[in-house]
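Q: Before I ask anything, here is the structure I am working with.
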Amino acid sequence: MAERTQLIHHYLRHNKKFPHVYCAGCGHGIALGSLIRSVHALGWSKDEVVMVAGIGCSGRMAVYVDFNTVHAVHGRALTIATGIKLSNPNLKVIVVMGDGDALSIGGNHFIHAARRNIGLSVLVLNNNIYGMTGGQCSSTTPLGATTTTTPFGQMEKSFDLVELAAAAGANYVARASAFHAQGMDKLMQATFTHRGFSLLEVVSPCHTQYGRKNKFKTVVDMYRWLKESATPLEQYRKLSAEKAKGRIPLGVFVDRDEPSLEERYADLRADQTAQAGRR
Amino acid sequence: MSKKKGQSKVTVYPDWCKGCGLCAAFCPAKVLEIGADGKARAVREEDCVDCGFCELHCPDFAILVTPKDKSRRKDNHVVPAARE
Ligand SMILES: Cc1ncc(C[n+]2csc(CCOP(=O)(O)OP(=O)(O)O)c2C)c(N)n1
Ligand code: SF4
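Sequences listed follow chains A and B, in order. First residue of the first sequence: 346, per our numbering; consecutive thereafter. First residue of the second sequence: 101, per our numbering; consecutive thereafter.
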């Protein structure tokens, strides 16, 4: 049996050009590795997995993996995934989006998909920037950060993805980091198997469009920063506000067991059919 | 950890490596270096402690860590549930 890397090569589409287009050191590549290991670990066949990805560097992922894939429209991956899940709830539907994709153009779909608690496994690769289109600020760009559209520093406050999803009603909400791949594998498997709307935010360094403009000399420096600032959630919760400043809590934030939309729909359908039979 | 030292082979696929330097920067045993060609290579393979960091974190799937001993070459890196 394959070692990890060989395993990953097994799940890639060999008619595509490799190495992939991601820049050297891009966190999206690490997330892709984790995704493949997780699908393999769960024993899912390639045919029962549907990956719906948006547009952006993150969305490119759908091009490379040998599952059923939809490279959707920017910001609309969740709408297409909703249709797929409702038409065949047995499919494992994985949605991959960037922060711009999920929260800027697609923010409305994001909160409503979470509110409906539809059974989707949602990965948001958060690099705090629009990577693909030239480094414009996104709704997760931190206050003060320099981007091509905020040359004097971002003036707006950013979204906390985890809090947003939790408030909107997601059943499962977690955060992982590209520097902590083993932890990411665990959280990803949990995200893939949890009932209802399950979100995993992956903190994913983009040096090309974000790091360079924000005092990270090399991409390795961004991973050093992740190594230093990432904190397990349990530990993070014990820190004083002052000590917690600038730290990135990783772990499981929400773990609810509400019935999902497709389950409610199946129940309703069974009820209605039974009633019609009685009439 | 030290028990495992020197028991692994570290292979880099140069065609897939983009030379980001993550493996070289974070390898606890300093096994890897970025060469003049801008690609990673295992310069101190005998020091490898088989932690698997480089293989897990290579964004380009360009590194393989395998036991030198063929009888150990089963599935030591894949999560247990994955074994078929
Ligand atoms: C409707 C529409 N508007 C705008 C674009 C241009 N566009 C492509 S990707 C992108 C943003 C990508 O940023 P993000 O979603 O954060 O992904 P990343 O590239 O950072 O992974 C934009 C604005 C588009 N393709 N379609
Ligand atoms: S621009 Fe950023 S997000 Fe896109 S591939 Fe490069 S490093 Fe990754």
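Here a beta-carbon is modelled for each residue, glycine too, at the ideal position from N, C-alpha and C.
So, N472 (chain A) versus G541 (chain A), is the Cβ gap smaller than 8 Å?
A: For the pair N472 (chain A) and G541 (chain A), the CB atoms are not nearer than the 8 Å cut-off.
Q: Three-state secondary structure (DSSP) at C123 (chain B)?
A: helix
Q: Along the alpha helix (DSSP H) that carries E587 (chain A), what are the first and last residues, could you check?
A: A586 to A589
Q: Rounded to whole angstroms, what is the Cα-Cα separation between C158 (chain B) and G370 (chain A)?
A: 8 Å
Q: Flag Y367 (chain A) as yes when its Cβ comes closer than 7 Å to any non-hydrogen atom of ligand 2, and as no otherwise.
A: Checking every heavy atom of ligand 2 against the Cβ of Y367 (chain A), one is found closer than 7 Å.
Q: Starting from A521 (chain A), follow its DSSP beta bridges and name the residues at the other end.
A: A:V547
Q: When burial is assigned at 16 or more other CB atoms within 10 Å of the CB, is T618 (chain A) buried or exposed?
A: With fewer than 16 other beta carbons inside 10 angstroms of its own, T618 (chain A) counts as exposed.
Q: Tell me which same chain residues have a C-beta within less than 7 Å of the C-beta of M567 (chain A), skipping the five on either side of it?
A: P550, H552, G556 and F561
Q: Within 10 angstroms of its Cβ, does R349 (chain A) collect 16 or more other Cβ (buried), or is it exposed?
A: buried
Q: Could you tell me whether the region 436-455 of chain A touches the region 584-598 of chain A, where touching means 3 or more Cβ pairs closer than 8 Å?
A: Using a Cβ-Cβ distance cut-off of 8 Å, the region 436-455 of chain A and the region 584-598 of chain A are not in contact, since fewer than three pairs of beta carbons, one from each stretch, lie closer than that value.
Q: Excluding the 5 residues flanking L584 (chain A) on each side, which residues of the same chain have their C-beta closer than 8 Å to its C-beta?
A: T576 and R592
Q: From A:G489, A:S403 and A:A398, pick the residue whose C-alpha is nearest to that of N413 (chain A); which is it?
A: Taking each of A:G489, A:S403 and A:A398 in turn and checking the Cα distance to N413 (chain A), the smallest one comes out for A:A398.
Q: Have a look at K105 (chain B) and C151 (chain B) and give me their C-alpha separation to the nearest angstrom.
A: 10 Å
Q: CB R460 (chain A) to CB V410 (chain A), shorter than 8 Å?
A: no
Q: So who's on the other strand from D600 (chain A), going by DSSP bridges?
A: Paired residue(s): A:Y517.
Q: Between F412 (chain A) and chain B, is there a C-beta pair that is closer than 8 Å?
A: no
Q: Check distances from the C-beta atoms of the region 119-151 of chain B to those of chain A and list, in chain order, the residues that come in under 8 Å.
A: G119, C120, G121, L122, A125 and F126
Q: W389 (chain A) by DSSP, collapsed to three states: which one?
A: Of the three classes helix, strand and coil, the one that applies to W389 (chain A) here is coil, per DSSP.
Q: What in chain B is Cβ-close to I375 (chain A), meaning under 9 Å?
A: Correct list: L122, L156, H157, C158 and P159.
Q: Any heavy atom of ligand 4 closer than 7 Å to the CB of C117 (chain B)?
A: Among the ligands modelled here, namely ligand 1 and ligand 2, ligand 4 does not occur.
Q: Go to L352 (chain A), then tell me how far its beta strand (DSSP E) extends in each direction, as first and last residue.
A: Careful: L352 (chain A) lies outside any beta strand (DSSP E), inside the alpha helix (DSSP H) at R349 to Y356.
Q: Taking only three categories from DSSP, how would you classify G106 (chain B)?
A: coil
Q: Among B:W116, B:D160, B:L156 and B:F126, which has the Cα closest to the Cα of W570 (chain A)?
A: B:F126
Q: Taking only beta-carbon positions, decide if A510 (chain A) is within less than 8 Å of chain B.
A: no
Q: Is any heavy atom in ligand 1 found nearer than 7 Å to the beta carbon of L156 (chain B)?
A: no
Q: With DSSP run on the structure shown, which of helix, strand or coil describes G443 (chain A)?
A: strand
Q: Rank A:A426, A:I429 and A:L377 by C-alpha distance to the C-alpha of D160 (chain B) and give the top, closest one.
A: Of A:A426, A:I429 and A:L377, the residue nearest in Cα terms is A:L377.
Q: Would you verify that the beta carbon of R358 (chain A) is, or is not, closer than 8 Å to some beta carbon of chain B?
A: no
Q: For chain A, check one thing: does any of its Cβ atoms lie closer than 8 Å to the Cβ of A181 (chain B)?
A: Low local confidence applies: a pLDDT of 39 at A181 (chain B) is under 50, so the model's placement there is unreliable, with the coordinate-based value given in what follows. Yes, because at least one Cβ of chain A sits closer than 8 Å to the Cβ of A181 (chain B).
Q: Measuring alpha carbon to alpha carbon, tell me which of A:L352, A:V565 and A:K437 ends up nearest W389 (chain A).
A: A:K437
Q: Are the beta-carbon atoms of R520 (chain A) and P434 (chain A) separated by less than 8 Å?
A: no
Q: Return yes when the Cβ of V547 (chain A) is within less than 8 Å of the Cβ of A523 (chain A), no when it is not.
A: Contact flag set, yes.
Q: Quick one: Cα of M346 (chain A) to Cα of V112 (chain B), how far?
A: Model confidence at M346 (chain A) stands at a pLDDT of 31, short of 50, so the residue's coordinates are unreliable; what they give is reported in the following sentence. A direct Cα-Cα distance of roughly 19 Å separates M346 (chain A) from V112 (chain B).
Q: Return the CA-CA distance between P364 (chain A) and G372 (chain A), expressed in angstroms with no decimal places.
A: If I take the Cα positions, the gap works out to 14 Å.
Q: Consider the C-beta atom of Q481 (chain A) and the heavy atoms of ligand 2; say whether any pair is separated by less than 7 Å.
A: Answer for Q481 (chain A): no, Cβ out of range of ligand 2.
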